[in-house]
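The sequence shown begins at 428 in the numbering used here and counts up by one.
Even glycine gets a Cβ: it sits at the ideal position worked out from N, Cα and C.
First the structure, in the form of C-alpha cells, and then the observations on it.
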Amino acid sequence: MSELLVKKIQELKRKRKAIILAHNYQLPEIQDIADYIGDSLGLSQKAAQADAEVIVFCGVHFMAETASILCPHKTVLMPDINAGCPMVGMVDLAELKSTRKEYPQSMVVCYVNTSAEVKAESDICCTSANAVKVVQSLNSEGEIIFVPDKYLGQYVEGQTGRKMVLWDGYCPVHVKILAEDILRKKKKHPEAEVIVHPECTPEVIKLANRVLSTSGMCQYARESRAKEIIVGTETGLIWRLQKENPDKKFYPASELAICPNMKLTNLEKVLWVLEDMKSEVKVPDRIRVKAMRAVNRMLSIGRREI
Ligand code: CIZ
Ligand code: SF4
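Structure below.
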C-alpha cells in the first residue's frame, strides 16, 4: 500500500516540479521520501536555492512561513495546515510592541519559532543553532528582549554573560524531558554521552555533555567518538541519527518527548496536497519584507553555525 502511495507521490512530484522538505522531527515515512531533511532554517534555505516551483513543507506552520519569506515566488504547501507550534502562540504582538516601548533603547531577538508578524517586529531572528552568535553580535547598549523561549534565552544568557529581558514561552515537548530521565538513562547506559537541545530546562542542560540544535546533533553524531548517545530532544530525530550512523546507538532521553503537531503529516496528506495544490502558506508582502530583514540580518552574521 505505502509503496503505491510513494510511487504516486514521486510521479506527481515530477509533474508539479515540486520538492519535498522534511523537518528532523517528522515521521520516518516522511523522512524516507524527502528530498531534504533538516532544521527549519536549513530547509528554508534549501527551498530558496532549489530549482523547483512547488515546495511541500513537512513540518510546522512557522517553518513553512519562513520558507515563504525567503522565497516568495515559489508555492509553499503544507500537507496539514493545522500543524502549528504552540510556542509561536506564546508571544502576543501587542504585548511585544508595548514591551518595546517600555525599553526604548532595546533590540528584539526572535527565535525562528515565531509568526511572521513577530519576526516583522523584531530586529534580528535566531535559531537554536546560532542564538549565541546572534546575541554576541549585538553591540548596542540597550536591553535585549528575547522571545519567546525562556529556556533557550537562559541558556544564551549563560553562554554570553548578557542579561536579557526574557519572555515566558517554552516548548511543551522539551519540558517533558526531566533530569530524572537523564539520570535513569545514564544509569542504564553508563558509557553513553548525553546531548540535549537548548529548549530543555536548565536542570536537564546541566546534566548534558553538549547542548546542540538538531543540525548540531546530526553533525556531532557523525564526528564524535562516542558509540552510544542519549538524545534529549523530540524523538523523531533518532530515526535520522540511527540511519546515518548504523554503527552507533542512540537512546531517547524520554520516550514522551513527541511533538503531536510534527506527527500530523503522513504520506496520504503529502499525496493529497500534491493533487489539490491547496493549503498554501503565503506571507503578505507588507509583513514579509519587514520579517525578511530580521531573517537576513541573522544570515549575514558570518557562516551559519550549526
Ligand atoms: O529550528 C528548528 O528546526 C528547530 C525547531 C529545532 C532545531 O534545533 O532544529
Ligand atoms: Fe514547537 Fe516544540 Fe513541537 Fe518544535 S517540538 S514544533 S518547538 S512544540
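DSSP state of residue i, grouped into three classes?
{"i": "R715", "result": "helix"}
{"i": "A491", "result": "helix"}
{"i": "H450", "result": "strand"}
{"i": "Y678", "result": "strand"}
{"i": "M407", "result": "The chain is shown only over 428 to 733; residue 407 falls outside these bounds and no answer can be derived."}
{"i": "C553", "result": "strand"}
{"i": "R667", "result": "helix"}
{"i": "L470", "result": "helix"}
{"i": "A445", "result": "strand"}
{"i": "R731", "result": "With a pLDDT of only 47 at R731, under the threshold of 50, the placement of this residue in the model should not be trusted; the figure read from the coordinates follows. Three-state DSSP puts R731 in coil, outside helix and strand."}
{"i": "I460", "result": "coil"}
{"i": "G516", "result": "helix"}
{"i": "L634", "result": "coil"}
Please return the same chain residues whose Cβ sits closer than 6 Å to the Cβ of residue i, not counting the five positions on each side in sequence.
{"i": "H450", "result": "G486"}
{"i": "E661", "result": "Y452, V600, A684, C686"}
{"i": "L748", "result": "Outside the shown range of the chain, which is 428 to 733, sits residue 748, and nothing can be said about it."}
{"i": "E570", "result": "Y530, S533, V592"}
{"i": "L470", "result": "L448"}
{"i": "C512", "result": "V487, F489, N540"}
{"i": "D462", "result": "I446, I447"}
{"i": "D507", "result": "L691, T692, K696"}
{"i": "Q472", "result": "none"}
Can you round the beta-carbon distance between residue i and residue j to whole angstroms, since I take them to be within the 8 Å contact cut?
{"i": "D466", "j": "T541", "result": "Not confirmed; about 15 Å, so no contact."}
{"i": "G596", "j": "V574", "result": "7 Å"}
{"i": "S567", "j": "M534", "result": "6 Å"}
{"i": "A680", "j": "G659", "result": "4 Å"}
{"i": "L504", "j": "E707", "result": "6 Å"}
{"i": "Y678", "j": "P625", "result": "Going by Cβ atoms, the distance from Y678 to P625 rounds to 20 Å, so no, they are not a contact pair."}
{"i": "P493", "j": "V539", "result": "The question names Pro, yet the displayed sequence has Thr at residue 493. The Cβ separation is near 6 Å, so the contact holds."}
{"i": "I572", "j": "T526", "result": "6 Å"}
What residues in its chain sit with their C-beta under 7 Å from that of residue i, if we drop five residues either side in the sequence?
{"i": "I714", "result": "A543, E544, A547"}
{"i": "L683", "result": "K603"}
{"i": "N509", "result": "L691"}
{"i": "P499", "result": "R715"}
{"i": "K435", "result": "L698"}
{"i": "E430", "result": "none"}
{"i": "K717", "result": "A547"}
If I measure Cβ to Cβ from residue i and keep anything under 8 Å in the same chain, skipping five residues before and after, which residues do I get?
{"i": "R443", "result": "E480, V481, L701, M704"}
{"i": "I728", "result": "N557, K560, V561, S564"}
{"i": "E630", "result": "L605, A606"}
{"i": "E620", "result": "N636, R637, S651, A653, E655, I656, I657"}
{"i": "E456", "result": "S429, N693, L694"}
Hey, could you find the ends of the beta strand (DSSP E) residue i is sitting in?
{"i": "I464", "result": "463-465"}
{"i": "G659", "result": "655-659"}
{"i": "T587", "result": "Where T587 is concerned, there is no enclosing beta strand (DSSP E), although the alpha helix (DSSP H) it sits in stretches over 577-587."}
{"i": "V503", "result": "502-504"}
{"i": "V481", "result": "481-485"}
Which residue comes first and which comes last in the alpha helix (DSSP H) that contains residue i?
{"i": "E620", "result": "Looking at the DSSP string, E620 is not in any alpha helix (DSSP H); the run it does join, the beta strand (DSSP E), is 620-623."}
{"i": "T641", "result": "641-650"}
{"i": "T526", "result": "520-529"}
{"i": "V600", "result": "Premise fails: V600 is in no alpha helix (DSSP H) and is neither H nor E."}
{"i": "I609", "result": "606-615"}
With three or more beta-carbon pairs closer than 8 Å as the criterion, would you say the segment 477-489 touches the segment 662-678?
no
Does the structure place the segment 643-657 close enough to the segment 683-703 that three or more beta carbon pairs sit under 8 Å?
no
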